[in-house]
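Reading through the structure tokens given below for one structure.
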Amino acid sequence: DAGVTQSPTHLIKTRGQQVTLRCSPKSGHDTVSWYQQALGQGPQFIFQYYEEEERQRGNFPDRFSGHQFPNYSSELNVNALLLGDSALYLCASSSGTGATDTQYFGPGTRLTVL
Amino acid sequence: EDQVTQSPEALRLQEGESSSLNCSYTVSGLRGLFWYRQDPGKGPEFLFTLYSAGEEKEKERLKATLTKKESFLHITAPKPEDSATYLCAVSGGTSYGKLTFGQGTILTVHP
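Each protein sequence line maps, in turn, to chains A and B.
To convert, note that position 5 of the first sequence is 5 in the working numbering; the numbers rise steadily by one, no gaps.
To convert, note that position 51 of the second sequence is 165 in the working numbering; the numbers rise steadily by one, no gaps.
Now the structure itself:
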């Protein structure tokens, strides 16, 4: 049973560029959430997608946007990259959007902005 | 706003030396408290979900407990392979599927 997968593993960009990160959920899951984890910190919630719609959003600017496809996979887009966007970006999937649903994480994408 | 504080920030143990990690939380209507383990450069690995005060769950050398204000992760006779960062997260009545994480406890177990 394949778990959550993310691509690419690592990415290096320069300030002002745009980036797209991809995520495939665990088999049987229909909900994808994205988190940003700075070095030495806990993950911070960016947003959650269910039925191809953004259901909930954290305190992140509009430069962060996403999409969910009919097969439940998802993309995270970040525009006008800043040095502070350097972090590990984590995708988590769950079966449902409920607060009691366990979220399973992928390995993450390490983004470095120079 | 939901808040989670974990202590200590770092913990060093000798192999076989049992201890506990603490997770204090403030949330409006706790729906779930989640423990994860994270190895360096990898994504968090799910350990436990606790839903109500008094609940306990065990897995190998780990045992998680929950009260109305905090959760403990007890580690019995740890081994070097238990070395990792342990993350605690909560979901509340107003946050649906959003998880709020603490900063984690870095556990190092020396042989």
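Idealized CB from N, CA, C, for every residue including glycine.
Keep in mind that this is a model prediction, so the values were computed, not measured.
Cβ pair residue i, residue j closer than 9 Å
i	j	result
Ser-33 of chain A	Lys-156 of chain B	no
Leu-143 of chain B	Gly-207 of chain B	Per the sequence presented here, residue 143 of chain B reads as Gly, with Leu not at that position. Contact flag set, yes.
Val-223 of chain B	Lys-177 of chain B	no
Leu-187 of chain B	Tyr-165 of chain B	no
Lys-173 of chain B	Tyr-139 of chain B	no
Arg-63 of chain A	Ala-80 of chain A	yes
Gln-184 of chain A	Tyr-210 of chain B	The requested residue 184 of chain A is not part of the displayed model; chain A covers only 1 to 114.
Leu-83 of chain A	Arg-15 of chain A	yes
Gly-42 of chain A	Gly-168 of chain B	no
Tyr-50 of chain A	Gly-96 of chain A	yes
Phe-45 of chain A	Gly-58 of chain A	yes
Arg-145 of chain B	Leu-201 of chain B	no
Rounded straight-line distance, which links the Cα of residue j to that of residue i
i	j	result
Thr-179 of chain B	Asp-30 of chain A	30 Å
Ser-73 of chain A	Ser-24 of chain A	5 Å
His-10 of chain A	Glu-52 of chain A	26 Å
Ser-132 of chain B	Phe-162 of chain B	19 Å
Ser-27 of chain A	Gln-48 of chain A	17 Å
Thr-214 of chain B	Glu-129 of chain B	31 Å
Thr-190 of chain B	Glu-159 of chain B	19 Å
Thr-102 of chain A	Arg-175 of chain B	21 Å
Asn-242 of chain B	Ser-121 of chain B	Residue numbering for chain B in the displayed model covers 115 to 225; residue 242 of chain B lies beyond these limits and cannot be assessed.
Tyr-104 of chain A	Pro-225 of chain B	31 Å
Val-19 of chain A	Gly-108 of chain A	14 Å
Val-113 of chain A	Glu-170 of chain B	42 Å
Ser-7 of chain A	Thr-100 of chain A	27 Å
Ala-198 of chain B	Phe-60 of chain A	28 Å
Ala-203 of chain B	Gln-68 of chain A	24 Å
Thr-5 of chain A	Ser-134 of chain B	32 Å
Thr-181 of chain B	Ile-12 of chain A	43 Å
Extent of the continuous beta strand (DSSP E) to which residue i belongs
i	result
Tyr-81 of chain A	Here the sequence assigns Leu to residue 81 of chain A, which means Tyr is not the residue at that position. Per DSSP, Leu-81 of chain A belongs to no beta strand (DSSP E) and is neither H nor E.
Leu-90 of chain A	87-94
Leu-21 of chain A	19-24
Val-113 of chain A	109-113
Thr-5 of chain A	5-7
Residue(s) in a DSSP beta bridge with residue i
i	result
Thr-219 of chain B	B:Tyr-200
Glu-170 of chain B	B:Thr-179
Gln-117 of chain B	B:Thr-140
Tyr-104 of chain A	A:Ser-93
Glu-195 of chain B	Glu-195 of chain B is not bridged to any residue.
Ser-205 of chain B	B:Gly-146
Residue ranges of each beta strand (DSSP E) within the stretch 29-79 of chain A, 3 or longer:
Contiguous beta strand (DSSP E) elements confined to the stretch 29-79 of chain A occur at 31-37, 44-50, 53-57, 64-68 and 74-78, taking only those with 3 or more residues.
Would you mind listing the beta strand (DSSP E) stretches within the stretch 120-162 of chain B that are 3+ residues and don't spill past its ends, in chain order?
Qualifying beta strand (DSSP E) stretches, in chain order: 124-128, 133-140 and 144-152.
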